[in-house]
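Have a look at the structure below, then the notes.
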Amino acid sequence: NAGVTQTPKFRILKIGQSMTLQCTQDMNHNYMYWYRQDPGMGLKLIYYSVGAGITDKGEVPNGYNVSRSTTEDFPLRLELAAPSQTSVYFCASSATGALSYGYTFGSGTRLTVV
Amino acid sequence: GEDVEQSLFLSVREGDSSVINCTYTDSSSTYLYWYKQEPGAGLQLLTYIFSNMDMKQDQRLTVLLNKKDKHLSLRIADTQTGDSAIYFCAEVGNTDKLIFGTGTRLQVFP
Numbered sequence: 211n212a213g214v215t216q217t218p219k220f221r222i223l224k225i226g227q228s229m230t231l232q233c234t235q236d237m238n239h240n241y242m243y244w245y246r247q248d249p250g251m252g253l254k255l256i257y258y259s260v261g262a263g264i265t266d267k268g269e270v271p272n273g274y275n276v277s278r279s280t281t282e283d284f285p286l287r288l289e290l291a292a293p294s295q296t297s298v299y300f301c302a303s304s305a306t307g308a309l310s311y312g313y314t315f316g317s318g319t320r321l322t323v324v
Numbered sequence: 724g725e726d727v728e729q730s731l732f733l734s735v736r737e738g739d740s741s742v743i744n745c746t747y748t749d750s751s752s753t754y755l756y757w758y759k760q761e762p763g764a765g766l767q768l769l770t771y772i773f774s775n776m777d778m779k780q781d782q783r784l785t786v787l788l789n790k791k792d793k794h795l796s797l798r799i800a801d802t803q804t805g806d807s808a809i810y811f812c813a814e815v816g817n818t819d820k821l822i823f824g825t826g827t828r829l830q831v832f833p
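Taken in order, these protein sequences are the chains called X and L. Count the first sequence with our numbering and you get residues 211 to 324, in order. Count the second sequence with our numbering and you get residues 724 to 833, in order.
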């Protein structure tokens, strides 16, 4: 029972580099989300998806892109990394949106941009 | 706009009760949640309460909801060192997505 799997767990990027944070879930959930967590700031929604082929911006989408070609996968792309993107990134999924019994979270990716 | 507020830190002695408080702004929230985050891990759903309830109890956990004041609290009885974590309150916003608070770091000392 893998749930939501995120890779990598840690990454250091140089300013201007690009990378993709991977997220996959095996629960056949339609809804998937990307959050970033900064100290004392809680979780901020970056992007979300309500199903394969459908994505939409959250609260803090600038500097990020996503795609949802399958139900299982929801990768997050950083094109030109900036120090402000140093954060912990969490992927989450749910069966029917927030009105189901909350979200299932991955264990996170800690990203440092130097 | 939607906002969820929590105090950042709480320190309690092992065996005492912990009370973590949360205020929210969206009076139409139908569900309110408490999540627990242990060091280096993702968030785990701890408990939730429907907006038509005032209280929910689950073993050592008691959730109290005051809709008039838009105040939610989580009480942990007989707090243990294993309860040390960050606790997040969350409400369902008007866009059917979870809005999280800043998190309260609970430290339990012997």
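Positions of the beta carbon are idealized from the N, C-alpha and C atoms, including for glycine. Quick caveat: nothing in here was measured; it's all calculated off a predicted structure.
Whether residue i touches residue j by CB criterion (8 Å)
i, j, result
"P293/X", "I225/X", "yes"
"T746/L", "M251/X", "no"
"T748/L", "W757/L", "no"
"Q216/X", "S279/X", "no"
"F732/L", "T827/L", "yes"
"L788/L", "I799/L", "no"
"L821/L", "Y313/X", "yes"
Residue i versus the options, residue with shortest Cα-Cα distance
i, options, result
"K759/L", "Y810/L, N775/L, Q782/L", "Y810/L"
"L795/L", "Q782/L, T804/L, D777/L", "D777/L"
"S277/X", "R246/X, T234/X, A305/X, N238/X", "T234/X"
"F698/L", "Y245/X, T217/X, K219/X", "Because chain L spans 724 through 833 in this model, residue 698/L falls outside it and cannot be assessed."
"L290/X", "T322/X, S297/X, Y274/X", "Y274/X"
"N775/L", "N744/L, A813/L, Y754/L", "Y754/L"
"C301/X", "L766/L, S734/L, F832/L, K779/L", "L766/L"
"I256/X", "K219/X, A262/X, N272/X", "N272/X"
"Y258/X", "E282/X, Y311/X, Y243/X, F315/X", "Y243/X"
Run of the beta strand (DSSP E) containing residue i, from where it starts to where it stops
i, result
"T325/X", "Only positions 211 to 324 of chain X appear in the structure, and residue 325/X is not among them; the question remains open."
"D739/L", "Premise fails: D739/L is in no beta strand (DSSP E) and is neither H nor E."
"D355/X", "Outside the displayed range of chain X (211 to 324) lies residue 355/X, so it cannot be described from this structure."
"R828/L", "827-832"
"E289/X", "Counting along the chain, E289/X falls outside any beta strand (DSSP E), and DSSP gives it neither H nor E."
"G273/X", "No beta strand (DSSP E) contains G273/X, which DSSP labels as neither H nor E."
"A808/L", "808-815"
"Q803/L", "No beta strand (DSSP E) holds Q803/L; DSSP gives it neither H nor E."
"V214/X", "214-217"
With 16 other Cβ atoms within 10 Å as the buried cut-off, status of residue i
i, result
"F284/X", "buried"
"I264/X", "exposed"
"A808/L", "buried"
"L212/X", "The residue you asked about is not Leu; residue 212/X is Ala in the sequence shown. It counts as exposed."
"V324/X", "exposed"
Any chain B beta carbon closer than 8 Å to residue i
i, result
"G252/X", "In summary, chain B is missing from the structure at hand, where the protein chains are X and L."
>> Quick check for students: name the residue ranges of the beta strand (DSSP E) that lie wholly in the segment 728-795 of chain L, counting only runs of 3 or more.
In response: 732-736, 741-747, 754-760, 766-773, 778-781, 784-789
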